[in-house]
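Per our numbering, the very first residue in the sequence shown carries number 935; after that it's consecutive.
Beta carbons: idealized from backbone N, C-alpha and C, even for Gly.
None of these values were measured; they are calculated from a predicted model.
Only one structure is covered here, and it is reproduced in the block below.
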Amino acid sequence: RSSDLNKKNLRSNEASIKYFLMGAFATGFLLFGIAFIYGSVGSFDLYKIQDFGVSNPKDLMFILGVLLILCALAFKVALAPFHMWSPDVYYGAPSLITAFMASVVKISGFFALFRLMTIGFGGVTENWINVFGVFLIITLLLANVMGLAQTNAKRMLAYSSVSHAGYIGLVFFGMTSLSTYNLAFYLFAYALATVGVFMCLIYVEKLKRETSFGAFKGLAKTEPLLATTASVSMLSMAGIPLTAGFMGKFSLFSQAMNSQHGVFLVLIAVLGSAVSIAYYLRLIISMFFFKESTFKSSEKVTITYNIVGVFVIASIVVLGVFPDLFARLFGL
935 RSSDLNKKNL RSNEASIKYF LMGAFATGFL LFGIAFIYGS VGSFDLYKIQ DFGVSNPKDL
995 MFILGVLLIL CALAFKVALA PFHMWSPDVY YGAPSLITAF MASVVKISGF FALFRLMTIG
1055 FGGVTENWIN VFGVFLIITL LLANVMGLAQ TNAKRMLAYS SVSHAGYIGL VFFGMTSLST
1115 YNLAFYLFAY ALATVGVFMC LIYVEKLKRE TSFGAFKGLA KTEPLLATTA SVSMLSMAGI
1175 PLTAGFMGKF SLFSQAMNSQ HGVFLVLIAV LGSAVSIAYY LRLIISMFFF KESTFKSSEK
1235 VTITYNIVGV FVIASIVVLG VFPDLFARLF GL
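Set out below in structure tokens:
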């Protein structure tokens, strides 16, 4: 119900109801999946589940449980075709809540998905990896094409978030001992970029009461640091070299290339990244390339915005140039 903080706003109410109903539907998948897994294994212990999968890879009830849980978690991280809720919910929810859903919810969801699929269901990878690959292909193609069609920054970022679920999902292909590190690095880079973009979105929505591309016109003239923070963050999301996002994508793409269908998946991902540059640039152009600003010089951001903005820009660039620093900082 966090998407319904503004109860007098019709869009927020619609977003709340849609998220609740779709979430309940996904929870049904999850509970059925858990029931099938427990019915087969008789335990919730991930390592016992793994042992069962290794010794009974063709158990129909077990495989059905795995696929149901995969579908439920695909909903949580907004992988297509289970992403239908995210554009409307992200658009209707207050920007602060949208930022939380695009970062914390997605990151925690992927860590849960990674642990469950690699440990619990690692013994039956061949039964779910192809299905997951289809999810990724649909996600990468659909999300980036739909992102191009948007005229509202918040809806565009919703489809951007869906596309990033596709990039992150490549961690399951060609897995190595570095896969956990690759996942952590990408999620950290994604979190930094999300903070940078949504800082700008929250500021603009507070002043203009809307988030269309037109609402951002000339922002760089009155708030150059805020506009630069959002722009660097979006360039990182697009995977432009010398950004943390580029190194994150490079690591995942390189890993996935070693899998059976990795070359095809990576080609789709690279194509998606190229398309994403177009819709990120539309917002950047709106902020920087208009002669007159639609913002008043008196409407200044607080010092907190500027401090966070400098931190985000510095972190994205430093990790883009020195990616090994992440491993040293966090002991990975």
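Proximity of residue i and residue j at Cβ, strictly below 7 Å
| i | j | result |
| --- | --- | --- |
| Ala-1127 | Val-1011 | no |
| Gly-1173 | Ser-1146 | no |
| Tyr-1120 | Leu-1186 | yes |
| Phe-1150 | Ser-1094 | no |
| Ala-1027 | Phe-1132 | no |
| Leu-1117 | Val-1129 | no |
| Tyr-1124 | Ala-1203 | no |
| Gly-1254 | Leu-1176 | yes |
| Phe-1245 | Ala-1190 | no |
| Ser-1029 | Leu-1135 | yes |
Span of the alpha helix (DSSP H) around residue i
| i | result |
| --- | --- |
| Phe-1069 | 1059–1082 |
| Ala-1087 | 1087–1102 |
| Phe-1048 | 1040–1049 |
| Pro-1021 | 1019–1026 |
| Ser-1029 | 1029–1034 |
| Leu-1153 | 1153–1156 |
| Leu-1259 | 1258–1264 |
Residue i - DSSP class collapsed to helix/strand/coil
| i | result |
| --- | --- |
| Ser-1146 | strand |
| Ser-937 | Bear in mind that the predicted position of Ser-937 carries a pLDDT of just 46, short of 50, making it unreliable; the figure below should be weighed with that in mind. Correct three-state label for Ser-937: helix. |
| Phe-1016 | coil |
| Ile-1136 | helix |
| Ser-974 | helix |
| Leu-1117 | helix |
| Phe-1055 | coil |
| Gly-1108 | coil |
Continuous alpha helix (DSSP H) assignments of at least 4 residues falling wholly in the segment 1158–1245: Whole alpha helix (DSSP H) segments, 4+ residues: 1158–1172, 1178–1190 and 1196–1222.
Evaluate contact between the segment 967–978 and the segment 986–1004, counting only Cβ atoms and requiring at least three cross-stretch pairs below 8 Å. Touching, yes.
Can at least three beta-carbon pairs, one atom from the segment 1015–1029 and one from the segment 978–990, be found at a separation below 8 Å? No contact exists between the segment 1015–1029 and the segment 978–990.
Return the chain-ordered ranges of every alpha helix (DSSP H) run that is complete within the segment 980–1011 and spans a minimum of 4 residues. Scanning the segment 980–1011 from its first residue to its last, the whole alpha helix (DSSP H) runs of 4-plus residues come out as 980–989 and 994–1010.
When you compare the segment 1178–1194 with the segment 1076–1083, are there three or more beta-carbon pairs, one atom per stretch, that lie closer than 8 Å? Judged by Cβ distances under 8 Å, the segment 1178–1194 makes no contact with the segment 1076–1083, as fewer than three pairs qualify.
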